[in-house]
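J.: This is the structure, below, for whatever I ask next.
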Amino acid sequence: MRIGRHARLVGMGIVILAALGCAQDEGNEKPSTTGTPVEPPPEPSADLSRNIQKTGLTIDLSTMTGTAVIDLAGSLTGTGASFEAAGLEIQGVSRAEGPLKWSLAQGQLDVGVPKSQGSAQITIDYKFKEQAQFEGLMAKGSTLVWPTFCGNLFPCHSDPADGTTFELTVTGTPAGMMTLYPPAIGIDVPSYQIAWATGSYTKLDIGTTFQGTHLVAYYLPGGGTDAQNGTAKLVDIMNFYETMLAGYPFGGEAGAIAVDWGATAYGGMEHHPLWHVSTLAMGDPWIQAHEAAHAWFGDGVRPACWEDFVLSEGTVSYLEARAITEVLGADEGTKVWSHYQTRLNKAMAEAASKIAWPEGCGEVDILKDLFGDIAYMKGAFFFRALEAKVGKAKLDPSLKAFFLKHKGKAAHFQDLLDIVKSVAGYDPSACAAAWLRSEAVPAEQVCP
Ligand SMILES: [Zn+2]
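Structure representation (structure tokens):
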């Protein structure tokens with residue numbers, strides 16, 4: 366994600382929506398008694414640790430209803446499965462054999478799922494609604510659920526450790542408009558990756574990378590010039606990433622969708638394979654390079670804990686600068702780093718924590734404790750200091766090896782440091798601690 370180069374989002378914070386009490390207990394229907402006797406479904410109980418393997422969503426915009434077909438990891442011990450569903454009105458939960466018992470309280474949907482050796486597939490029918498800006502479906506027709514708002518759009522786990530594949534179908538688009546979304550995401554990704562955008566879109570064909578990734582952009586009325594300017598070098602930028610890291614992980618077509626985030630929000634969100642960029646930023650190749658890089662860091666490999674946020678944004682900010690330098694030239698690269706220095710200085714002058722990589726897992730509040738420029742900028746400068754120490758010839762293969770090892774999985778930032786140590790032959794732990802776990806900014810621009 367990249368928001369706020371010119372304007373910062375205000376008011377982002379976790380909103381605990383009141384539970385939709387009217388829906389409680391309506392799911393406790395008796396199973397069908399016809400045919401072979403079926404064991405009665407278990408009572409609902411809480412278990413947020415039950416792994417979600419696949420999320421198949423069918424959304425109808427005309428009725429604001431959704432059906433989520435969710436594959437859960439099997440369990441021979443527990444019968445509980447819980448989902449975040451704070452903004453949803455649950456209409457029913459079932460499996461192929463019949464209805465399941467459920468309850469909804471304080472934004473959490475608990476379901477009773479019969480024990481199973483393999484995956485258990487359950488279907489959740491629900492209604493959803495428009496949400497405040499950046500907390501689900503927005504008034505202008507696009508969705509954004511990062512970091513913890515997926516439960517306003519579909520039953521989910523927002524914990525990035527639990528990745529899921531996705532299938533998505535959206536119907537009920539108003540006449541004359543188009544809803545853009547990926548029909549499927551085939552490797553495990555964080556729940557914040559999925560999105561759609563509805564609007565009067567025009568498609569721009571950008572070109573194809575060496576490895577065959579076809580790049581596109583979609584723009585809103587009046588946005589054609591911005592879309593062209595922002596993506597003019599996108600093929601080269603994607604070629605840079607695909608060569609440096611690995612082939613694009615989300616299928617044969619990728620690109621940017623312009624979304625109306627209002628008059629002040631400048632930035633984008635890593636909704637690969639069709640990332641979103643605010644109309645204000647659509648013409649900015651830096652933002653496009655940033656969101657494109659998230660295919661590898663943040664999406665393709667997701668943070669195991671919110672504490673590992675720097676694995677996403679620090680790495681991506683560094684890659685953005687590398688790609689811009691490579692493709693648009695050294696002068697433009699210098700501008701990026703100069704801008705980063707300004708952002709770092711500004712972030713250091715603010716009251717918020719200066720720790721980019723907190724210890725622990727699952728303890729920070731991502732929005733209150735970490736979502737600022739510290740993780741982005743300290744992360745970028747740490748990688749630059751590391752590059753200055755080991756050289757691109759050793760750093761780049763380290764990033765590639767890390768991606769290939771953890772693609773489709775959750776990883777800790779420490780996992781990346783471990784791979785740098787083995788591939789580049791330099792232990793970056795002390796340098797990482799100085800940059801990322803200290804309140805200060807190291808005076809040295811090169812790792813010691
Ligand atoms: Zn980002």
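Note that this note's numbering has the sequence shown beginning at 366, numbered continuously upward.
All residues carry an ideal CB built from backbone N, CA and C; glycine is no exception.
Cβ of residue 659 within 7 Å of any heavy atom in ligand 1?
T.: Residue mapping note: residue 659 aligns to position 294 of the sequence shown, counting from 1. Answer for residue 659: yes, Cβ within range of ligand 1.
J.: Assuming contact is defined by CB atoms lying nearer than 8 Å, are residue 555 and residue 477 in contact in what I supplied?
T.: Within the sequence shown, residue 555 is the residue found at index 190, counting from 1. Within the sequence shown, residue 477 is the residue found at index 112, counting from 1. Against a cut-off of 8 Å, the Cβ pair of residue 477 and residue 555 comes out as no contact.
J.: Checking contacts by CB at 8 Å: is residue 758 closer than that to chain D?
T.: Note that chain D does not occur in the displayed structure, where there is just one protein chain.
J.: For residue 811, count neighbouring C-beta atoms within 10 Å of its own C-beta (all shown protein chains included) and say buried if the count is 16 or more, exposed if not.
T.: Locating residue 811 in the sequence shown gives position 446, where the first residue counts as 1. Residue 811 should be labelled exposed.
J.: Can you tell which of 710, 762, 767 has the C-alpha that lies nearest to the C-alpha of residue 740?
T.: Looking up residue 740 in the sequence shown gives position 375. Ranking 710, 762, 767 by Cα distance to residue 740 puts 710 first.
J.: For residue 767, count the other beta carbons within 10 Å of its own beta carbon; 16 or more makes it buried, fewer makes it exposed. Which is it?
T.: Residue mapping note: residue 767 aligns to position 402 of the sequence shown, counting from 1. It counts as buried.
J.: Over what stretch of residues does the beta strand (DSSP E) that includes residue 782 continue unbroken?
T.: Within the sequence shown, residue 782 is the residue found at index 417, counting from 1. Per DSSP, residue 782 belongs to no beta strand (DSSP E); it is in the alpha helix (DSSP H), 778-789.
J.: So what's residue 464 in DSSP terms, helix, strand or just coil?
T.: For the purposes of this step, residue 464 is taken as the residue at position 99 of the sequence shown. Residue 464: strand per DSSP, three-state reduction.
J.: Could you tell me whether the Cβ atoms of residue 606 and residue 657 are closer together than 8 Å?
T.: As a first step, residue 606 is located in the sequence shown; it is residue number 241 there, counting from the start. As a first step, residue 657 is located in the sequence shown; it is residue number 292 there, counting from the start. Going by C-beta atoms, residue 606 is nearer than 8 Å to residue 657.
J.: Starting from residue 600, trace the alpha helix (DSSP H) in both directions and tell me its first and last residue.
T.: Sequence index remark: in the sequence shown, residue 600 carries index 235 (1-based). 599-609 is the extent of the alpha helix (DSSP H) around residue 600.
J.: Would you mind sorting residue 482 into buried or exposed? The rule is 16 or more other CB atoms within 10 Å of its CB.
T.: Start at 1 with the first residue of the sequence shown, and residue 482 comes out as number 117. The residue is exposed, with fewer than 16 neighbouring Cβ atoms inside 10 Å.
J.: Spatial neighbours of residue 681 within its chain, please: C-beta separation below 7 Å, excluding the five flanking residues on both sides.
T.: Looking up residue 681 in the sequence shown gives position 316. Within the same chain, residue 681 has close Cβ partners 655, 658, 659, 662, 663.
J.: Suppose contacts are defined by Cβ-Cβ distances below 8 Å. Is residue 776 in contact with residue 525 by that definition?
T.: Locating residue 776 in the sequence shown gives position 411, where the first residue counts as 1. Locating residue 525 in the sequence shown gives position 160, where the first residue counts as 1. Cβ distance not < 8 Å, so residue 776 and residue 525 don't count as in contact.
J.: Suppose the cutoff is 7 Å on Cβ atoms and the five residues either side in sequence are ignored; what does the same chain contact list for residue 570 look like?
T.: Stepping through the sequence shown from its first residue, residue 570 is reached at position 205. 581, listed in sequence order.
J.: Please report the distance separating the alpha-carbon of residue 578 from that of residue 677.
T.: Numbered from 1 along the sequence shown, position 213 holds the residue referred to as residue 578. Numbered from 1 along the sequence shown, position 312 holds the residue referred to as residue 677. In a straight line, the C-alpha of residue 578 is about 22 Å away from that of residue 677.
J.: Residue 714: buried (16+ other C-beta within 10 angstroms of its C-beta) or exposed?
T.: The residue labelled residue 714 in the question sits at position 349 within the sequence shown. Exposed, since its Cβ has fewer than 16 Cβ neighbours within 10 Å.
J.: Is it the case that the segment 746-760 contacts the segment 636-647, given that we only count it when at least three CB pairs across the two stretches are under 8 Å?
T.: Contact between the segment 636-647 and the segment 746-760 is absent, because fewer than three Cβ pairs lie under 8 Å.
J.: Got a sec? Which residues, its chain only, sit under 6 Å from residue 409 by beta carbon, not counting five neighbours each side?
T.: As a working mapping, residue 409 is identified with position 44 in the sequence shown. The answer, listed in chain order, is 466, 467, 468, 475, 476, 477.
J.: Taking 7 Å as the line, does the beta carbon of residue 367 fall inside it for any heavy atom of ligand 1?
T.: Along the sequence shown, read from residue 1 onward, the residue named residue 367 stands at position 2. Yes.
J.: Check whether the segment 423-437 and the segment 482-500 touch, using three or more Cβ-Cβ pairs below 8 Å as the test.
T.: These segments touch.
J.: Whole angstroms is fine: what's the gap from residue 439's alpha carbon to residue 412's?
T.: As a working mapping, residue 439 is identified with position 74 in the sequence shown. As a working mapping, residue 412 is identified with position 47 in the sequence shown. Distance between the alpha carbons of residue 439 and residue 412: 13 Å.
J.: Report all residues from its chain with a CB closer than 7 Å to the CB of residue 542; omit the five preceding and five following residues, and keep chain order.
T.: In the sequence shown, the residue the question calls residue 542 occupies position 177. Result list for residue 542: 563, 564, 565, in chain order.
J.: How far does the beta strand (DSSP E) with residue 530 in it reach, from first residue to last?
T.: The residue you call residue 530 lines up with position 165 of the sequence shown. Residues 529-536.
J.: Using the C-alpha atoms, what's the distance from residue 461 back to residue 635?
T.: Working through the sequence shown from its first residue, we reach residue 635 at position 270. Working through the sequence shown from its first residue, we reach residue 461 at position 96. Each residue's Cα considered, the two are about 34 Å apart.
J.: What span of residues does the alpha helix (DSSP H) with residue 742 cover, start to end?
T.: As a position in the sequence shown, residue 742 is number 377, starting the count at 1. That run of the alpha helix (DSSP H) goes 738-755.
J.: Do you know offhand how far residue 649's Cα is from residue 593's?
T.: By 1-based counting over the sequence shown, the position of residue 649 is 284. By 1-based counting over the sequence shown, the position of residue 593 is 228. Residue 649 and residue 593: Cα-Cα distance of roughly 10 Å.
J.: Are the segment 450-459 and the segment 412-427 in contact at 8 Å, needing three or more beta carbon pairs?
T.: The segment 450-459 vs the segment 412-427: no contact.
J.: Report buried or exposed for residue 519, applying the criterion of at least 16 other Cβ atoms within 10 angstroms of its Cβ.
T.: In the sequence shown, the residue the question calls residue 519 occupies position 154. That one is buried.
J.: With DSSP as the reference, label residue 476 as helix, strand or coil.
T.: The residue given as residue 476 occupies position 111 in the sequence shown. Strand at residue 476.
J.: Would you kindly report the start and end of the unbroken beta strand (DSSP E) that includes residue 724?
T.: The sequence position of residue 724 within the sequence shown is 359, counting from 1. Segment: none, residue 724 is in no beta strand (DSSP E) and carries neither H nor E.
J.: When we look at the beta-carbon of residue 754 and count the other beta-carbons within 10 Å, is it buried (16 or more) or exposed?
T.: On the sequence shown, residue 754 is found 389 positions in, with the first residue counted as 1. It is buried - the Cβ of residue 754 has at least 16 other Cβ atoms within 10 Å.
J.: Taking just the CA atoms, how far does residue 735 sit from residue 721?
T.: On the sequence shown, residue 721 is found 356 positions in, with the first residue counted as 1. On the sequence shown, residue 735 is found 370 positions in, with the first residue counted as 1. Straight-line Cα distance between these residues: approximately 7 Å.
J.: Once you ignore the five residues that flank residue 423 on each side, which residues in its own chain have a CB closer than 6 Å to its CB?
T.: As a first step, residue 423 is located in the sequence shown; it is residue number 58 there, counting from the start. Within the same chain, residue 423 has close Cβ partners 432, 534.
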